[in-house]
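Engineer: There's a structure below that I have some questions on.
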Amino acid sequence: MKKFLFSFLCVLSGLLFGALILKLSGISPVEAYKVMWNGAFSRPSYIAYIIIRSTPLILTGLSVAFAFRTGLFNIGSEGQFIIGALTAAYFGFIFNFNPWIQIPLVLALSVFISSLYGGLAGFMKARFGVHEVISTIMLNWIALYFSNYMVLSEGFHKVNTETSEFINPSTSITILENWKSSDSGMNWLSNHPFLNEFMRPSLNAGIFFALIAVFIIWLILKKTTFGFKLKAVGISPEAARYAGINVNKKMTQSMMIAGGLSGLAGATHVMGVSKNIAILAAHEGYGFDGIAVSLIGSNSPFGSLTAGFFLGALKYSGQKIQSALEAPSEVISIMIGAIIFFIAIPIIFERPINKVLKIWEKK
32 MKKFLFSFLC VLSGLLFGAL ILKLSGISPV EAYKVMWNGA FSRPSYIAYI
82 IIRSTPLILT GLSVAFAFRT GLFNIGSEGQ FIIGALTAAY FGFIFNFNPW
132 IQIPLVLALS VFISSLYGGL AGFMKARFGV HEVISTIMLN WIALYFSNYM
182 VLSEGFHKVN TETSEFINPS TSITILENWK SSDSGMNWLS NHPFLNEFMR
232 PSLNAGIFFA LIAVFIIWLI LKKTTFGFKL KAVGISPEAA RYAGINVNKK
282 MTQSMMIAGG LSGLAGATHV MGVSKNIAIL AAHEGYGFDG IAVSLIGSNS
332 PFGSLTAGFF LGALKYSGQK IQSALEAPSE VISIMIGAII FFIAIPIIFE
382 RPINKVLKIW EKK
């Protein structure tokens, strides 16, 4: 209850701060938020786009939250996302098996390779004492430049473009992709207007993988001795070591799992949305947004799920106020930054929340 109230007040404060910025820009906050609400939920296709936008945010947020439970700050979610996307794009192109083999194989390779990449930071922390913030920042840039190198490699580079070749159709996880364009599919959808519009965007199975991942991580943290040991390391590494827990091993394992989750985000994005990768001039931000998701969600699995949808809706609907009201596009980033700012100084809300809860308990 306390965590929920804290997150709610931080989000509300961020929205109020955003309203102030809009007002100073000469734009009515009420009108702007009305446009954002309608731009997020007034049409079935908007909801579908939010689901697509939220999926990688949920997984990268879950990645950061999981590592944080072991006392590790996974800044490297961005690089792990890139490695997962690169792996899916590469093997999705060179392999072309039956979809029932192709999809699990490409996903498994993406998760495995990105987990090794994430585990590298955990190993350096455990073995050499290299702080994970420093190592993961460096690994983010290594991932970006390695991805660019691979995009331009012979046989994988699409000629006369700055992108890779597209993945084979057998790798796609877009839901009912062929059926929607078939005569029977179009006839059926034409008789169901809501589903017709809802299915118009490229909805993919990534959201189901994200939901499964949230449940599995919750299960690990809440119901297993492995999760208990991870949390013990996060609370007090010295006490955990005294209790006989292999702290170094748990740090490495935690970062491997976190890397795998971010890699899954990258893989599902390629297999369900972009279908290839391009040369990157800078980081796309999915991993960095995952940090915001984790913090807003109180570093919990289901909190990351809720915060991922919230941030996805905020980012998608924020495009609407830019086009409809000519509001500065930076307003959404300011809101998110303000929310994180309030989360970073919990003393502002902790005392009022404690007083409210004490009054509630007395009643």
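The working numbering applies: residue 32 is where the sequence shown begins, and numbers increase by one. Just so it is clear, CB atoms sit at the ideal spot from N, CA and C, and this is done for glycine as well. As the structure is a computational prediction, the values presented were derived from the model and not from experiment.
#1: Assign ASN227 to one of three DSSP states: helix, strand, or coil.
#2: Could you pull the start and end residues of the alpha helix (DSSP H) that ASN179 belongs to?
#3: Please state the DSSP three-state secondary structure of HIS300.
#4: Bridge partners of HIS188, per DSSP?
#5: Is the Cβ-Cβ distance between ALA71 and SER348 less than 8 angstroms?
#6: Taking 8 angstroms as the threshold, find out whether the stretch 106-118 comes into contact with the stretch 166-173 through three or more Cβ pairs.
#7: For ASN330, name the three-state secondary structure that DSSP assigns.
#8: Among LEU345, SER354, GLU357 and GLN353, whose alpha-carbon lies nearest the alpha-carbon of GLY368?
#9: Is the Cβ-Cβ distance between VAL61 and SER325 less than 8 angstroms?
#10: Please say whether THR91 and ALA244 have beta carbons closer to each other than 8 angstroms?
#11: If you follow the alpha helix (DSSP H) that THR256 is part of, which residue opens it and which one closes it?
#12: Does DSSP classify ASN307 as helix, strand or coil?
#13: Using the DSSP secondary-structure output, state which residues sit across from ASN235 in a beta bridge.
#14: If you count every other CB in all the chains shown that lies within 10 Å of the CB of ASN209, and 16 or more means buried, which is it?
#15: Helix or strand or just coil, what does DSSP make of SER56?
#16: Go ahead and label ASP214 buried or exposed: buried means 16 or more other beta carbons lie within 10 angstroms of its beta carbon, across all protein chains shown.
#17: So what's GLU357 in DSSP terms, helix, strand or just coil?
#18: Could you pull out every residue in the same chain whose Cβ sits closer than 6 angstroms to the Cβ of SER44, ignoring the five residues on either side in sequence?
#19: Just the Cα atoms here: how many angstroms apart are THR118 and LEU55?
#20: Taking the continuous alpha helix (DSSP H) assigned at GLY153, which residues delimit it?
#21: Buried or exposed, going by whether 16 or more other CB atoms sit within 10 Å of the CB of MET366?
#22: Considering only the beta carbon of each residue, do MET282 and GLY153 sit closer than 8 angstroms?
#23: List the endpoints of the continuous alpha helix (DSSP H) containing ASN109.
#24: Can you tell which of PHE97, LYS254 and PRO87 has the C-alpha that lies nearest to the C-alpha of GLU315?
#25: For MET217, count neighbouring Cβ atoms within 10 angstroms of its own Cβ and tell me buried if that reaches 16, exposed if not.
Structural biologist: For this structure:
#1: helix
#2: 163-182
#3: helix
#4: SER195
#5: yes
#6: yes
#7: coil
#8: LEU345
#9: no
#10: no
#11: 256-266
#12: coil
#13: THR205
#14: exposed
#15: coil
#16: exposed
#17: coil
#18: PHE373
#19: 45 angstroms
#20: 130-159
#21: buried
#22: yes
#23: The displayed chain sequence assigns Glu, not Asn, to residue 109. Taken as a continuous stretch (DSSP letters only), the alpha helix (DSSP H) holding GLU109 covers 108-125.
#24: PRO87
#25: exposed
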